[in-house]
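Each residue of the sequence shown is one higher than the one before, counting from 1 in the UniProt record's numbering.
Beta carbons: idealized from backbone N, C-alpha and C, even for Gly.
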Amino acid sequence: MPTTQKIAIVGSGLGGAAAATLLQKAGFHVDIYEQAPAFSRIGAGIHMGPNIMKIFRRMGIEQQLSDMGSHPDFWFSRDGATGDYLSRIALGEFSLKEYGAAYITVHRGDLHALQMSTLAPGSVHFSKCLTTLEERENGVRLNFADGTHADADIVIGADGINSRIREELLGHEKPLYSGWVAHRALIPSEVLTKYDVEFENCVKWWSEDRHMMVYHTTGKRDEYYYVTGVPHAAWDFEGNWVDSSRDEMYEAFAGYHPTVQALIESTETVTKWPLLNRNPLPLWSRGRLVLLGDACHPMKPHMAQGAGMAIEDAAMLTRCLQETGLSDYRTAFQLYEANRKERASRVQAVSNANTWLRTQEDPAWVYGYDLYGQELKSGVAA
C-alpha cells in the first residue's frame, strides 16, 4: 500500500504551474505531465491584475514579476476612428491603494518561466502526451504515448480548451469556433520612435465589431504588443494559427486612427488565431478527476482574465484540498466548484460579450477580489 498520496497535474501552462506550486507549498506531492518536449518562451503579452498578483504573493514571486512587467497607470479605451477616449480606468498607484496589489502587463513566456522556476526539482515531466486514464479503486493510472505510465490519487486537468481530461469526463466534443479571430504581433519599441505619436502603455481601440488591444510587455517598455478581435466567417485553416500579413491588417482596420495605422506599418510578422469557446460545463469533476482553467471554463480573451481565472482556480482548489485533506477529495471538489463557479461563469460571460472597460465602469469586483479573504461556501447542495 503506497504511503505517499500523489497528485498528478496534466498540463504545465500558467494554471497548471500555479496549481503545482501552491499544492507543493501546501505539502502535497505533485507531479506535472506536459506533452511539449521542453519549456519555451511562447505566446506574447498578458495582463496580470491585482486579484492575481495577490496569489503570486503567496507563491513568493510577486516582486520578481512586478520588477519584470510594465505598470500602466490607466487602461484607456479609445474610439477606433476618432481616437476619442471612451474610458480611462485608473490602475498604477490607484491599483496598489484600492485593490492591494499592482496591475501589470508582461510577456507570457517570461511569466511562465518565473512560475516554472518555483516548482520542485524533478516534478515536471516533458514529452508526456496523455492517451488514456484508468480510474481504479485506490487511484488513477495515466498512460502516455511514449509507453510509460504514472499513478496518482487524483488528477487535475489543466490541459487547456482541448483538454484530454475534459474528454474523459464528458466525451469528445470539438470546441466551438466563435466567429472571431485574433491577430497577434510584437513590435520593438525602437521601431516606433520615428512617429510623432504617443504610444500609450495600455490602450484598447474599439469600433462596432472589432478592436485592437495594445500594451508593453516588459518593464523596460522595449516591446509593444497588439492583439485584435476581428470577425471572420469560418476557421478554414489547418492548425492552431496561421500567418497573417500587413495587408490583411490594413484591410481589417481600414478607417482606424493614424496611431493604429502606424502600428500596422511597423508590423514585421503577424499571426492569426481562431477564438474558440465551449458551452458552460454541467460538471467540473467526477470521481478522482477535476478540471481548472480553459479545460473547465474557456473564454474569449477580451477581459484579459482567462489565465487569471485559471490561477484563481488553482489557488481555490489548493485551499479546498488543504481544508479536507487529499483522502476526502470528493468534498474538496464540491467545495472548489461551489466557491469558483459563480465568479468564473460571470467573468466568462462578460469576457465573451466584449464589453469590459469599454465605457467608464468600476472594475473592483474583478481587481479588488482577494481569494484568500473569501470565506469558503459549503459545497453541499441545499
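In angstroms, rounded to a whole number, what distance separates the CA positions of residue i and residue j?
i, j, result
"Thr228", "Leu326", "42 Å"
"Ala81", "Arg184", "20 Å"
"Gly27", "Gly122", "16 Å"
"Glu342", "Asp196", "46 Å"
"Ser178", "Thr4", "44 Å"
"Arg164", "Ala353", "27 Å"
"Glu268", "Phe253", "17 Å"
"Ser66", "Tyr103", "9 Å"
"Arg88", "Thr359", "8 Å"
"Val347", "Arg136", "35 Å"
"Val181", "Glu312", "26 Å"
"Pro175", "His47", "24 Å"
"Asn277", "Gly11", "19 Å"
"Leu86", "Met316", "35 Å"
"Gln63", "His107", "16 Å"
"Ala101", "Ala90", "13 Å"
"Tyr336", "Lys54", "19 Å"
"Glu34", "Ile264", "35 Å"
"Val366", "Tyr99", "10 Å"
"Ile161", "Phe199", "33 Å"
"Pro363", "Asp159", "29 Å"
"Asp247", "Thr21", "44 Å"
"Ile187", "Glu134", "47 Å"
"Asn201", "Met68", "15 Å"
"Ala332", "Val214", "39 Å"
"Asp294", "Pro282", "15 Å"
"Ser285", "Phe126", "25 Å"
"Leu291", "Asp84", "42 Å"
"Glu168", "Val155", "11 Å"
"Glu190", "Ser95", "29 Å"
"Glu173", "Asn279", "11 Å"
Mind checking residue i: buried by the 16 CB within 10 Å criterion, or exposed?
i, result
"Tyr372", "exposed"
"Ser207", "exposed"
"Gly60", "exposed"
"Trp205", "buried"
"Trp75", "buried"
"Lys194", "exposed"
"Lys71", "Looking at the sequence itself, residue 71 is His, so the reference to Lys does not match. Buried, since its Cβ has 16 or more Cβ neighbours within 10 Å."
"Asp31", "buried"
"Gln334", "buried"
"Leu376", "exposed"
"Tyr369", "buried"
"Gly49", "buried"
"Lys220", "exposed"
"His302", "buried"
"Leu289", "buried"
"Pro305", "Sequence check: residue 305 is Gln here, not Pro. The residue is buried, with at least 16 neighbouring Cβ atoms inside 10 Å."
"Ala349", "exposed"
"Ala233", "exposed"
"Asp222", "exposed"
Please report the residue range of the beta strand (DSSP E) in which residue i lies.
i, result
"His29", "His29 to Tyr33"
"Met212", "His211 to His216"
"Cys320", "That residue, Cys320, is in no beta strand (DSSP E); its alpha helix (DSSP H) goes Gly306 to Thr324."
"Ile104", "Ile104 to His107"
"Glu135", "Leu130 to Arg136"
"Lys341", "It is not in any beta strand (DSSP E) - Lys341 instead sits in the alpha helix (DSSP H) that spans Tyr329 to Ala353."
"Phe237", "Where Phe237 is concerned, there is no enclosing beta strand (DSSP E), given that its DSSP letter is neither H nor E."
"Asn143", "Gly139 to Phe144"
"Ile46", "Gly45 to Met48"
Kindly identify the DSSP beta-bridge partner or partners of residue i.
i, result
"Lys6", "His29"
"Tyr85", "Arg78"
"His183", "Lys272"
"Val290", "Ile156 and Ser285"
"Trp205", "Arg78 and Met212"
"Leu192", "Answer is none; Leu192 lacks a bridge partner."
"Ala243", "Note that residue 243 is Asp in the sequence shown here, rather than Ala. Answer is Thr271, bridged to Asp243."
"Asn277", "Leu176"
"His302", "Partner(s): none; His302 has no beta bridge."
"Asp110", "Asp110 pairs with nothing; no bridge assigned."
"His71", "Per DSSP, none; premise fails for His71."
Using 7 Å as the limit for Cβ to Cβ distance, is residue i near chain C?
i, result
"Tyr329", "The structure shown contains no chain C; it is built from a single protein chain."
Below 6 Å, is the gap between the Cβ of residue i and the nearest heavy atom of the ligand ZN?
i, result
"Ala17", "Annotation note on the ligand ZN: not contained in the displayed structure, which lists no ligands."
Please list the terminal residues of the continuous alpha helix (DSSP H) segment that includes residue i.
i, result
"Tyr224", "Element bounds for Tyr224: not the alpha helix (DSSP H) but the beta strand (DSSP E), Glu223 to Pro231."
"Gln64", "Glu62 to Met68"
"residue 389", "One cannot answer for residue 389 here, as it falls past the ends of the chain, which runs 1 to 382."
"Pro258", "Pro258 to Glu265"
"Met249", "Arg246 to Ala252"
"Glu361", "Careful: Glu361 lies outside any alpha helix (DSSP H) and carries neither H nor E."
"Ser95", "Gly92 to Tyr99"
"Leu169", "Arg164 to Leu170"
For the segment 260–276 and the segment 16–23, state whether three or more C-beta atom pairs, one from each stretch, are separated by less than 8 Å.
-> no
Is the segment 37–54 in contact with the segment 141–152, if contact means three or more CB pairs nearer than 8 Å?
-> no
Cβ pair count under 8 Å reaching 3, the segment 106–114 against the segment 123–142 = no
On the three-pair Cβ rule with 8 Å, is the segment 242–259 touching the segment 294–314?
-> no
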